[in-house]
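*Asks:* Questions regarding the structure given below will be posed in turn.
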Amino acid sequence: MRPARRAADPAPVPAPAERAPAGQAPPAARLTDPIPTRGQVAVIGHRGAPYEARENTLASLRAALEAGADAVEIDVRLTADRVPVLLHDATLERLWGHDRPLSSLTYGQAAELTAGGVPTLRDALALTAKYPSARALIDLPDPAAAAAAVTEVRESDAEARAYYCGGGLSMLAVRAADPAAELALSWCRTAPPRPELLARVRPRWLNYHFGLVTRDLVERAHADGYLFAAWTIDTPRATRRLKRAGVDAVTTNRVAAIRAAL
């Protein structure tokens, strides 16, 4: 199944990055580094493997992990009864054909409308636990889901194998819920993140749209103590360019093809 079409992301030339204050990474005690040395690029399955199975489903996550993904990126939102489930959009329309906001449905109602197709975060974490070297990258399109996601990760004993990505508001919400969480601040602007935001979020990763990535940008991030990730890359040519730029991870819809290109 092909992933749904999205509007094309811009690919402007990045402005020179302003260096972040040193020493802003979260405490290292909980971190499990998926990248032992520079030069090894981690491959992250974007919502699983959406060309193989419907995105953000257990089948999609399993396909990405079987293809060799180092992590799977999953989008988490809350149902009306505050169950964290996997869904990128605010409604069920694009993936499941029901023009119903997830926030208006209980988990039981969402499960009924999708024939059980929308998994809970707990189910997704249980699946990734079967792949000991893999991690879950929890994307939070709605900051309101942050606290519930952190609680679910903690209760699933998954803190060492889960980390979080998203915009500034979502990452601030995660940081408030878990001061030691590993965060990837997602960015799609030519202007760099403000030092004040970096100081409050304390990300371990800077997670940039791939069209913005240059060697200089990556080197500056590394010099400031950050790991560098890029999203969403689906062609071998772009993958090789990013590897030359020195990125530490790439997010892709095509895990097997991108792993082969590396």
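For what it's worth, numbering that gives the first Met the number 0 labels the leading residue of the sequence shown as 0, then goes sequentially. C-beta: ideal position from N, C-alpha, C; glycine also. If you're wondering where the values come from, they're calculated on a predicted model, not measured in any experiment.
Could you tell me the distance, in whole angstroms, from the CA atom of Ala198 to the CA atom of Ala133?
*Replies:* 28 Å
*Asks:* Considering only residues of the same chain and omitting the five flanking positions on each side of Thr58, which have a CB-CB separation below 7 Å?
*Replies:* Checking the sequence shown, residue 58 turns out to be Ala, not Thr. Within the same chain, Ala58 has close Cβ partners Ala52.
*Asks:* What is the DSSP secondary structure of Ala70, counted as helix, strand or coil?
*Replies:* Ala70: strand per DSSP, three-state reduction.
*Asks:* With respect to the beta strand (DSSP E) encompassing Tyr207, which residues constitute its N-terminal and C-terminal limits?
*Replies:* Trp204 to His208
*Asks:* According to DSSP, is Pro142 part of a helix, a strand, or is it coil?
*Replies:* helix
*Asks:* Bridge partners for Pro83 per DSSP, in chain order?
*Replies:* Leu77
*Asks:* Report all residues from its chain with a CB closer than 7 Å to the CB of Ser169; omit the five preceding and five following residues, and keep chain order.
*Replies:* Leu139, Pro142 and Ala145
*Asks:* How big is the Cα-Cα spacing for Thr189 and Arg160?
*Replies:* 31 Å
*Asks:* Tell me whether Asp98 sits in a helix, a strand or coil according to DSSP, three-state version.
*Replies:* strand
*Asks:* When we look at the beta-carbon of Ala228 and count the other beta-carbons within 10 Å, is it buried (16 or more) or exposed?
*Replies:* buried
*Asks:* Indicate whether at least one CB of chain B lies closer than 7 Å to the CB of Leu120.
*Replies:* Although the question refers to chain B, the structure presented lacks it and comprises just one protein chain.
*Asks:* When you compare each of Thr119, Arg93 and Ala157 to Leu77 by their alpha carbons, which one comes out closest?
*Replies:* Distances from the alpha-carbon of Leu77 to those of Thr119, Arg93 and Ala157 put Thr119 closest.
*Asks:* Which value, in whole angstroms, describes the spacing of the CA atoms of Trp95 and Asp74?
*Replies:* 16 Å
*Asks:* Would you mind working out which of Ala248, Arg219 and Glu218 sits nearest Thr231, comparing C-alpha positions?
*Replies:* Ala248
*Asks:* Tell whether a beta-carbon distance below 7 Å holds between Val246 and Ala63.
*Replies:* no
*Asks:* Going by C-alpha distance, which of Ala259, Gln108 and Trp186 is nearest Gly166?
*Replies:* Trp186
*Asks:* Short of 7 Å in beta carbon distance, which residues of its chain neighbour Asp177, apart from the five on each side in sequence? Order them along the chain.
*Replies:* Val149
*Asks:* Closer than 6 Å by C-beta to Arg153: which residues in its own chain qualify, once you throw out the five before and the five after it? Chain order, please.
*Replies:* none
*Asks:* Tell me the rounded alpha-carbon separation between Thr238 and Pro194.
*Replies:* 29 Å
*Asks:* Can the beta-carbon of Leu205 be found closer than 7 Å to that of Ala220?
*Replies:* yes
*Asks:* Closer than 8 Å by C-beta to Pro35: which residues in its own chain qualify, once you throw out the five before and the five after it? Chain order, please.
*Replies:* Its pLDDT being 41, under 50, Pro35 is placed unreliably in this model, and the value from its coordinates should be taken loosely. Excluding residues within five positions, none has a Cβ falling inside 8 Å.
*Asks:* Taking the alpha carbon of Leu112 as the reference point, which residue from Ser102, Arg81, His97 and Gln39 has its own alpha carbon closest?
*Replies:* His97
*Asks:* Where do the N-terminal and C-terminal ends of the alpha helix (DSSP H) with Tyr106 fall, by residue?
*Replies:* Start and end: Tyr106 to Leu112.
*Asks:* Compare the beta carbon distance of Leu226 and Arg203 with 7 Å and say whether it is the shorter of the two.
*Replies:* yes
*Asks:* Taking all protein chains shown into account, decide if Ala123 is buried (16 or more other Cβ within 10 angstroms of its Cβ) or exposed.
*Replies:* Counting Cβ neighbours within 10 Å, Ala123 comes out buried, since at least 16 surround it.
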